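In this note's numbering, the protein residues as written are 63 to 206.
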């Protein structure tokens, strides 16, 4: 969150983005309220991959209404724009996190990673699949 504060220095209050971190609230109802507010008013919502996966899939959430809020806020229609840090985490198509991230309806995504992709086209394909308007399905690689 400190980075957003630095980037917004010198902006007028009405030009600044509201930045929230979902991990600062613990109860599912509070998270639902926070996500609804974010979806209605805009801004930046920060959360980790595991939290995203758990909420988007409705894990351990009994309330149908709360599941609907999480789905609407995080999946369909979901956020307008998604930025994934540590994007190399998405290299395994079969992982629960990758499946959850690929369920987001928004196609405006940026994947950030400081980890080299090891010249592995399969891993690169899974990271990029659904995350950029770039499809490598025509690429075929024999694995020895």
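Backbone N, C-alpha and C fix where the C-beta goes; we use that ideal spot for every residue, glycine too.
No experiment lies behind these values; they were computed from the predicted model shown.
With DSSP as the reference, label residue 71 as helix, strand or coil. coil
Beta-carbon separation of residue 142 and residue 115 under 9 Å? no
| query | So, helix, strand or coil for residue 145, using DSSP? | reply | When secondary structure is reduced to three states using DSSP, residue 145 falls in the strand class.
field: Reduced DSSP category for residue 166 - H, G, I as helix; E, B as strand; rest coil
entry: coil
Residue range of the beta strand (DSSP E) that includes residue 118
Premise fails: residue 118 lies in the alpha helix (DSSP H), 111-118, not in any beta strand (DSSP E).
Fill in: Same chain, Cβ closer than 8 Å to residue 73, five either side skipped, listed in chain order
Around residue 73: no qualifying Cβ.
Exercise. Let me know the secondary structure DSSP gives residue 156 once reduced to three states.
Key: coil
Is the number of C-beta pairs between the stretch 121-128 and the stretch 86-94 that are closer than 8 Å three or more? yes
Just to check my reading of the structure: residue 97 and residue 66 have Cβ atoms closer than 8 Å, yes? What is that Cβ distance to the nearest angstrom?
Actually they do not touch by this definition, with Cβ atoms about 18 Å apart.
Distance check for residue 184 and residue 107, CA to CA, integer angstroms please.
30 Å
Item to complete: Return the first residue and the last residue of the alpha helix (DSSP H) that residue 126 is part of.
Response: 126-136
### Message
For a test of the three-state rule: what should DSSP assign to residue 205, helix, strand or coil?
### Response
Note on residue 205: pLDDT 48, under 50, position unreliable in the model; no value is reported.
| said: For residue 168, count the other beta carbons within 10 Å of its own beta carbon; 16 or more makes it buried, fewer makes it exposed. Which is it? | reply: exposed
message = With distance defined between alpha-carbon atoms, name the residue in 174, 146, 175, 176 nearest to residue 207.
response = Shown here, the chain extends from 63 to 206; a query on residue 207 therefore has no answer.
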